[in-house]
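Structure first, then comments.
Chains as they are written, first to last, in the numbering used here: chain A, 119 to 218; chain B, 238 to 654; chain C, 19 to 193; chain D, 1170 to 2168.
Printed below as a string of structure tokens:
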């Protein structure tokens, strides 16, 4: 059972309150009809599935109800940070340097 | 290769078992191979074996970052069945079942393929409709699968609770008699031994760092912890790690890797004669030849390579077992473990060529890869040897995610209304 | 749904059902909060989990743009009429959607811990939270050190109530 | 004579309180506080079980949860039997019933022991090499034979009447293990004011202190210090002590699972008490003070009853006042066993000799031994034992360099072995923390940590009480400081401590043919040193391969006793150092954990919630037959008298088509979509156009996934310009709301619209049939129900039977119909009023089955039955529901993909069987050519099929390749033994023009 920090509630809470919502920063194309089949496939199905740093979405479904983004290491399952939906993808290295 | 038999056992017993030879040598990489297979699980080792046996391609290396059979092959609940809905899936898994039948003799290694029957429980009207659809489709595909009433199901599996007052009453079951279980380690070891005997190099503890491509884009070989190894054909069969390996060749895959857990109970005298699956309550159970109840759990909700699942999932799985089999409530969980399963958007595998010359893939088996082991190995070998898919795996392309010709078994069981 | 209080001999906690008042779900953009407050005559807390009370009305902030409004039945129409059409918002009555339990006694935190994973000792008095009790979404309010209300959707209430009774019985046994 | 081996006045059991239980039917007397093992030993009974493979007679080896041999069946009456209980952990109470396992006919004489004679033919992995010829024998002969040999104890056969519980618990410091290190850690953290939970799997706290009473701490005897310490801990308000509680697993972010045994030690548990309780503890800091487990020595005959770990003998002596024999020989590679010998000697046990494999033994120990009349045999080995059901003598040989001298026998009735100690790092391993081999300690010690934890005491290779106390205090302080608390480091003055060292050995050297030796490593699984060497010889190089090939470490003790010995021997065989061979991963749980405890409250009716509507009670009182739909239970039909489903459904259908029917539609999902941009939002979500829908009107809405396949559908009513009442399928409600929130929050956050689930705010009664208006009109206030004023697909707010209502004129039956939404609290009252008012109009309650038939007669689809997640609007014949002018909506792009626009997709059509009485099976497959061989080419399947009372014949819907172009064709449905024929038709069977709605 993970502990997850909700950037809206600003609380770190147990996983049962949250629902995983897949990879983050995959925005729905503004005009899907203008896309080739390959581009549309990439949007629908292609995922980075990294062994390591993963940008992903969660929803605090049994809490404030907000979808938000998180950076988690898929090998250790440790969260580096969570941030609100719509915020730009943080630069993790910059964050690490800042931390040091 | 020493031929295994009761006689050989007897002979060696008299000489204190000092003369058994090693089942496969610990190979070091050569400079070049005709084919490199990444991933020494049952699928990869099987592919190597069939490349050597059926296509005469013996200059083959199977490379693994760890010890052979140490991935999902050695971590699954060993269920073998083929009663799938769609023609494509039914043919794929039934092809594997045909190979399972003779595997022990073929490999001269007892993989203990046990046709004890796999029974899938229906708990609501929707399940009944869905199973009937499977059974009719299987019948016309020549795949064994039959309907059982609750009483018949109970007769086939006495521990089953068929009380109509159960939270999820059993409304019937679909039984595939030809299905069952097999000894997972033996499958990996048997293929390894038989492949090695035909000249295949099995290279363990040798992580693949990247797939190398030439200026023309074609595959040149793989960079590994033990240096560069040349090969014009590389087949990736690395389960949960497939996307990572393929990414190194510049391709992105429609895959996500999830933690899957399983557990066993303490061993008890024979009590459970078959395999029972309930997708509705998420309970998958059989009894091993050691006497342990072998129980499959679900996947955690998030992508992970940690092989470290959470407790709540185990709690739910065990609760589901107790719901369907209340007599097991006082049994004890002995050990639980995690694997990494790679899942495609339609939960069907990708088995075939990739849009890179000399690159082949076998992945996306999700939670169902073990049952397909001989079939997947056999078809992957064919595809690599002939540089074109076998008719059976032809539908399982990467392209289907572009065209929309998905093979969605799970969606076919979708619930609503 | 019975309204009588369930107790077990020596149980350090009682479980009761609180009769319905009126409950709304109010949604509006944080930027329009002041307008909403003015219209309702009730402060709308901007921090999730905070509660404001004005007269008989109470607002619990459940999300950045979401409040649970509780009021006496008599005020329901007034509240419905309060918010101007010019103000983009959603006001939906959910009174009948919910069943509210009152849990009280020195054992209340232990009792809630049978179904709730979060650390409720950290929930300050006079604050609330939406969370999940044994898989059932629930809204908690800590009314006093040893008194909580627990609101769940109607059809989940019997399950939750039976578990609460089992927990109360366990606590009574002290094992 | 009872309890001849009990030493009066010794031990912590209450010798004044005899307890009687039965072992294999024979009554045995022990004392209050005994375990089954200690009570049996007190009566001179060592033989407690049989091994798994060879059925060798076995006695107790240890005194804790690591016990591999003394596993028994325990019972407290019907439904309350459990197998494989550790005799060393089960406390006794009057009338406890205990049985031995894996033997027939009896424990002393067991037919299965024949395997032992043929042991040489059954080496590790033998089954992989045989049972393959003749092939036909596998299914019928070999496999049944192998399976019959499975298991130790017998499974329970009755449902378990006991209750189980679970809790979540939060603390600042969790201390696992209440030995000296754990106690000191808890003290340090507790004194700092931190909230502390201290758990121990034993019935009493104290760990080693319980079996080392002679050590003195701060001037007190060990047990006095223990009592004082526990008293102080209990006095600290923020400290919680839990005995009989095993930490089973260490999970993400310092969550530790605990299993508390609540009533298994009680003679008569109180009514309603849970047998066990699972705790999910979330700790700020975790201190692992699990101590160490003694290693057996590996020599021929090291498994005879009477051969046990020295530390166990010491525990039985001091904690239970039991001597494990009258003549005990000690064989050891570590100092600790010497102290055991001294304690036993001073307790009156004859100790003929201490055999130490080391050439050099500490002179002070040797001197002390001699002063007690114990012969010291340094640089000696043990090469065998005699005795069948109990060890009778031990063969000891001198060792000079590599030479093993001639043996001599020493009579004994107990042989106490000690191969050193293995730190318990199971929980640490669960965290994926790394281990490092320490040659000095001859053990793996914790290295890199992944969680906020401290490891203290013997758990990291520190021997002795003083070291444990000091290290524990350090750990407790460190944990408290990490939490920002101020904590001082406690110090302890310890006298008469027992420290010491030892060497790590593989098999003991022997002068006999090793290939004939039965030197056990994994006692329960009968894995011997030769098996390990055979595995290596056969190419098993990874320790994981060795483990799986030999099953070493896979018994119920999960390698607690066997892993390191197995590793040392495998390393020796491979010619490598232990760390290069590595250690197999420890997996949860630390000790076997009952399914009941893991299931907790989720058994029986609480396995999962059953959701019921406000009208459910009425249906139940009318004898309705229910069906589960998602988490709901819904009335499927209302049989009268002896009616079966078909008869009841036919009657219900007739009533709706000819009079009026009443249906509980409360479970349908409802979402209030409100805000200025509500219409825009629905335009983007649903395939249909919404902008022009007038307030007061409804429309059928179709929802796709982004992949273009049908996800859900339902009627959507526009109440005002900015307020929509959206309905979803019963099973889809939560999914649809989540999907809508996802798009709204992450794709279109600019839209001013909000979603509120009102599924349970409303109870919904559907009144359907020609008499519907007649029935309803008198009950409705504030609304003209005439067709002109309130036409089909209209919605309005009004009052029905005095209740505020949202009234929809909609029909899922093809008849004149209304759906009345009232606040849920009034649902039942409304229903009963409608029921009364309906009596004069022939009202009939109908269930989901009739609803399914009626909608099928009209060709309305049921998402999830006529669609299956691979069906597009075009496939389902719902192109009309797609807003042609719309530039985009969820899933639109996917409808352009090559295989979606390709010809020959499966399309929904109607089927009429040639024989009108023949009702097709749902799921039946359809072929064009019935004469083709198997595998046949299937072109579709039956999705819905019913007896249509209205038409007096069967009807069906099917998904068929190119179906709509096949209208009029006859297709074939091959069933077992016969092939049915059916004609392809449209899907609307009854009133295709919808005349019956225009009334």
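Cβ atoms here follow ideal geometry from the backbone N, Cα and C, with glycine treated the same way.
Burial state of residue 471(B) (16 or more Cβ within 10 Å): buried
Quiz item: For residue 155(A), which residues does DSSP report across the bridge?
Solution: Its beta-bridge partners do not exist; DSSP assigns none.
Check: How long is the line joining the alpha carbons of residue 180(C) and residue 174(C), rounded to whole angstroms?
Finding: 10 Å
Contact check, residue 423(B) vs residue 518(B), beta carbons under 8 Å:
no
- Message: So residue 151(C) contacts chain D; which residues on that side make the cut at Cβ distance below 7 Å?
- Response: The contacting residues do not exist; residue 151(C) stays about 11 Å from chain D at best.
Next on the checklist: Residues of chain B with CB closer than 9 Å to the CB of residue 2103(D), please, in chain order.
Outcome noted: 376, 377, 378, 379
Interface flag, residue 175(C) vs chain A, CB-CB below 8 Å:
no
Give a yes or no on whether 8 Å exceeds the smallest Cβ distance from residue 80(C) to chain A. yes
Evaluate residue 2100(D) with the Cβ neighbour count: other Cβ atoms within 10 Å of its Cβ, from every protein chain shown; 16 or more gives buried, anything less gives exposed. exposed
Check your understanding: Applying a beta-carbon distance threshold of less than 7 Å, which residues of chain B neighbour residue 172(A)?
Key -> 540
Exercise. What do you get for residue 2107(D), buried or exposed, if any count of 16 or more other CB atoms within 10 angstroms of its CB means buried?
Worked result: buried
- Query: Where do the N-terminal and C-terminal ends of the beta strand (DSSP E) with residue 190(A) fall, by residue?
  - Reply: 185-191
How far does the beta strand (DSSP E) with residue 2064(D) in it extend, from its first residue to its last? No beta strand (DSSP E) contains residue 2064(D), which DSSP labels as neither H nor E.
Pop quiz: residue 1783(D) and residue 1993(D) are said to be a contact at Cβ under 8 Å. What is the actual Cβ separation, rounded to whole angstroms?
5 Å
To the nearest angstrom, how far is the alpha carbon of residue 1334(D) from that of residue 1444(D)? 8 Å
| request: Find out if the Cβ-Cβ distance for the pair residue 1128(D), residue 1734(D) is shorter than 8 Å. | output: The requested residue 1128(D) does not occur in the structure, where chain D is confined to residues 1170 to 2168.
Review point. Between the C-alpha atoms of residue 2038(D) and residue 645(B), what's the straight-line distance to the nearest angstrom?
Key: 8 Å
Self-check item: Inter-residue spacing [alpha-carbon to alpha-carbon] between residue 1496(D) and residue 1521(D)
Solution: 7 Å
Report task. Please report how far the alpha carbon of residue 1883(D) lies from the alpha carbon of residue 1620(D), in whole angstroms. Result -> 49 Å
Original post:
Is residue 21(C) buried or exposed, if buried means 16 or more other CB atoms sit within 10 Å of its CB?
Top reply: Any reading at residue 21(C) must be qualified, since the residue scores a pLDDT of 45, below 50, and its modelled position is unreliable; the value itself is stated next. Per the 10 Å Cβ criterion, exposed.
TODO: Look up residue 141(A) in the DSSP assignment and give the residues it is bridged to.
DONE: 174(A)
Practice item. Would you kindly report the start and end of the unbroken alpha helix (DSSP H) that includes residue 1312(D)? Key: 1312-1317
- [ ] Would you tell me roughly how many angstroms separate the C-alpha atoms of residue 610(B) and residue 320(B), rounded to the nearest one?
- [x] 16 Å
Which residues in chain A sit within 9 Å of residue 1909(D), going by Cβ to Cβ distance? The contacting residues do not exist; residue 1909(D) stays about 12 Å from chain A at best.
field: Bounding residues of the alpha helix (DSSP H) (the contiguous stretch that carries residue 97(C))
entry: 94-100
* Any idea what DSSP makes of residue 1982(D), helix, strand or coil? -> coil
Worksheet item: Taking C-beta to C-beta, are residue 575(B) and residue 504(B) nearer than 8 Å?
Response: no
Taking the C-alpha atoms as reference points, what is the distance between residue 31(C) and residue 139(C)? 16 Å
Can we say the stretch 1502-1515 of chain D touches the stretch 1671-1679 of chain D, given the rule of at least three CB pairs closer than 8 Å?
-> yes
- Task: Per DSSP, which residues does residue 1452(D) bridge with? Please list them.
- Result: 1340(D)
*Less than 8 Å separating the beta-carbons of residue 1866(D) and residue 1963(D)?*
yes
- Query: From residue 34(C) to residue 369(B), what distance separates their C-alpha atoms?
  - Reply: 47 Å
DSSP state of residue 1566(D) mapped onto helix, strand, coil = strand
TODO: Classify residue 1723(D) as buried or exposed, calling it buried when 16 or more other Cβ atoms lie within 10 Å of its own Cβ.
DONE: buried
Residues of the stretch 256-268 of chain B with a CB closer than 8 Å to any CB of chain D: list them in chain order, please.
257, 258, 259, 260, 261, 262, 263
Review point. Is it buried or exposed for residue 2139(D), if we count other Cβ within 10 angstroms and need 16 for buried?
Key: exposed
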